[in-house]
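Following: one structure in structure tokens, then a few remarks.
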Amino acid sequence: MSGSEWIVHDVNIKLVYSDSVRRPKKINQAIKRVRLEGPEHHFPDRLELVADDIVDGGELTIDDLQLPEDCEITDRRGDAVIVTVPPETKSHRPRGENRDRDSDF
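If you read the sequence shown in our numbering, its first letter stands for residue 2, the second for the next number, and so on.
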């Protein structure tokens, strides 16, 4: 080990999308921060999770996070789901249909 001090802190997870993808309408981010342990000189202010692969539905887990060298998540298992995006469903029903069909009253 080099002379760097090891630290443990909670670090926020930020979802990011590339400019070429459309951000999904519904996002369920179940885990917003993790406890990270590692050398002070490699310690991030936050972790970014690229979510381009799930814009049409899916989930990303702790294993999908890119961690800095020598850093380790200490409070979650690798298969813990961070974010889920439900598949987008398109309604083929025109607006206003099925509204108060008994409007004669």
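All C-beta atoms, glycine included, are put in the ideal place defined by N, C-alpha and C.
- In the DSSP assignment, E38 forms a beta bridge with V9, E73.
- In the structure shown, I63 adopts helical secondary structure according to DSSP, grouped into three states.
- Secondary structure note for I83: its beta strand (DSSP E) is the uninterrupted segment 82–86.
- Here I55 is buried. Its C-beta has 16 or more other C-beta atoms within 10 Å.
- For V51, the enclosing beta strand (DSSP E) has its first and last residue at 47–51.
- Pairwise C-beta distances place the stretch 40–47 out of contact with the stretch 79–88, as fewer than three of them are shorter than 8 angstroms.
- Distance check between E6 and each of R24, D76, R78, D71 places D71 closest, using alpha-carbon atoms only.
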